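Working notes for the structure below.
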Amino acid sequence: MNIIRTVRSVAFSSIPNRTLSTTRSLSTPSAQYTAFEVNDKTGIATLTLNRPPVNSLNLELLTEMRNCLKDAETNKCKGLIITSSSNSVFTAGLDLLEMYQPQDERVKSFWTALQSMWMELYGSKIPTAAAINGHAPAGGCLIATACEYRVMLPNFTIGLNETLIGIVAPKWFVSAFLNVVPRRVAEQAITQGKLFTTAEAHNVGLVDDVVNTKEEAIAKCEQFIGSFKNVNPYARALTKQQFRIKELQELEQQREKDLQIFLGLIMQPSVQKAMGIYLEGLKKKSKKQ
Ligand SMILES: CCCCCCCCCCC/C=C/C(=O)SCCNC(=O)CCNC(=O)[C@H](O)C(C)(C)COP(=O)(O)OP(=O)(O)OC[C@H]1O[C@@H](n2cnc3c(N)ncnc32)[C@H](O)[C@@H]1OP(=O)(O)O
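Once you know that position 261 of the sequence shown is 253 in the working numbering, the rest is easy, because the numbers rise by one and skip nothing.
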């Protein structure tokens, strides 16, 4: 891959207890919806989702996320933090327009890219953390739970709300959720399509910490990643793999079947109708604001 390396100084003088540092921006020429930077001092990479207005995950954004993750691993970064350039939305989840009245080849590529992104993030060798600085419904929650650590800002929402749209959270969405939330809480919440407030999410273990600002959230993620500084990275990665291999193998072996189930469900006229109504509701709400 053709990686452009630019060196960009970032003054951290406004952030207490931090020495001046630099970040390298590694970005592919086609990167449109993401910013990817590596802090030269800590070796930690930050992937910022930047697809206004709500960072909905379309094929291009998913592809860029995969490229960033690959860059972080290839460059032997100490860890990866995922966050958002928006002040109110981490990501609104999958781009509903990819699934509403879709084109055959595009929707297949879209779902396949989502499967790949999830497997690569969930199984990543390096420590991963989510600085959730906004709402994180459905696919947003999927990304957060694929990471090893989550910190969230107050008064936002997170959860798997698919049933409210008339769609179903696939098993692999649920499996990562079950890593952090007790089974009974998960079953009730996901069948109801419940979105947890930040405080509720913290209470059930869906997020590990709550802080007030994005800077504090990034610092918490850095602290989490830094906690592995005395751990052999190879031993760490193999240990992580032992915890996650079952879900990864399950999806890898069922990829084609998972795709067909997805297509079968979203192409049902009743599902298309429900999605259309949901999208219309979002648009009406957006116009009122
Ligand atoms: C047996 C097993 C079978 C398994 C089969 C699998 C089946 C399929 C599985 C699919 C899994 C799906 C996962 C998903 O992620 S679906 C997406 C779910 N996301 C949501 O429900 C969130 C919707 N959005 C919101 O609630 C709000 O936008 C949000 C709180 C995130 C932000 O609010 P805000 O007020 O800031 O912004 P607006 O609502 O005004 O939105 C601005 C514009 O963005 C559009 N929008 C919002 N979300 C989406 C989206 N997810 N996709 C596309 N577009 C979105 C919204 O319509 C506004 O557009 P306009 O400006 O044009 O009006």
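Just so you know, even glycine gets a beta-carbon here, dropped at the ideal spot from N, CA and C. The model shown is predicted, which means the values in this text are computed figures rather than measured ones.
Just the C-alpha distance for residue i and residue j, rounded to the nearest angstrom, thanks.
| i | j | result |
| --- | --- | --- |
| V172 | G268 | 32 Å |
| Q245 | L251 | 12 Å |
| D63 | N224 | 21 Å |
| G90 | D200 | The question names Gly, but residue 90 in the sequence shown is Glu. Each residue's alpha carbon lies about 31 Å from the other. |
| A128 | N222 | 32 Å |
| D125 | L230 | It is Asn, not Asp, that sits at residue 125 in the sequence shown. Looking at the two C-alpha atoms, the distance is approximately 30 Å. |
| K265 | I157 | 10 Å |
| N(-6) | T66 | With a pLDDT of 30 at N(-6), under the threshold of 50, the predicted position of this residue should be treated as unreliable, though the coordinate-derived value follows. Spanning the two alpha carbons is a distance of roughly 13 Å. |
| T83 | N47 | 5 Å |
| S219 | E208 | 16 Å |
| R228 | I217 | 12 Å |
| L12 | Q241 | Below a pLDDT of 50, predicted positions are generally treated as unreliable, and L12, at 36, falls in that range; the measurement from the model is reported next regardless. About 43 Å. |
| L41 | N195 | 26 Å |
| K232 | M111 | 13 Å |
| A37 | L134 | 20 Å |
| V81 | G132 | 9 Å |
| I73 | S101 | 26 Å |
| A211 | S278 | 33 Å |
For residue i, count neighbouring C-beta atoms within 10 Å of its own C-beta (all shown protein chains included) and say buried if the count is 16 or more, exposed if not.
| i | result |
| --- | --- |
| Y141 | buried |
| E179 | exposed |
| Q234 | exposed |
| D87 | buried |
| P261 | exposed |
| I(-4) | Bear in mind that the predicted position of I(-4) carries a pLDDT of just 30, short of 50, making it too unreliable to give a figure here. |
| Q95 | exposed |
| N31 | buried |
| I237 | exposed |
| A105 | buried |
| L113 | buried |
| G256 | exposed |
| P119 | buried |
| Y25 | buried |
In chain order, what residues of the same chain have a beta carbon less than 7 Å from the beta carbon of residue i, not counting five sequence neighbours either side?
| i | result |
| --- | --- |
| T34 | K70 and E214 |
| A161 | L152, E154 and I182 |
| S108 | R58 |
Just list the residues that DSSP pairs residue i with in beta bridges.
| i | result |
| --- | --- |
| I159 | Answer is none; I159 lacks a bridge partner. |
| D201 | V143 |
| F188 | I150 |
Once you ignore the five residues that flank residue i on each side, which residues in its own chain have a CB closer than 6 Å to its CB?
| i | result |
| --- | --- |
| E248 | none |
| A23 | E56 |
| Q281 | none |
With a CB to CB cut of under 8 Å and the five nearest residues on each side skipped, what residues in its chain are close to residue i?
| i | result |
| --- | --- |
| T189 | N147, F148 and T149 |
Does chain D have any CB closer than 7 Å to the CB of residue i?
| i | result |
| --- | --- |
| Q184 | You won't find chain D in this structure, because it holds only one protein chain. |
- Item | Length-filtered (3 minimum) beta strand (DSSP E) runs lying within the region 27 to 110 | 36 to 41 and 71 to 76
- Just list the beta strand (DSSP E) runs in the region 105 to 151, keeping only unbroken ones of 3 residues or longer that don't cross its boundaries, in chain order. 120 to 124, 141 to 144 and 149 to 151
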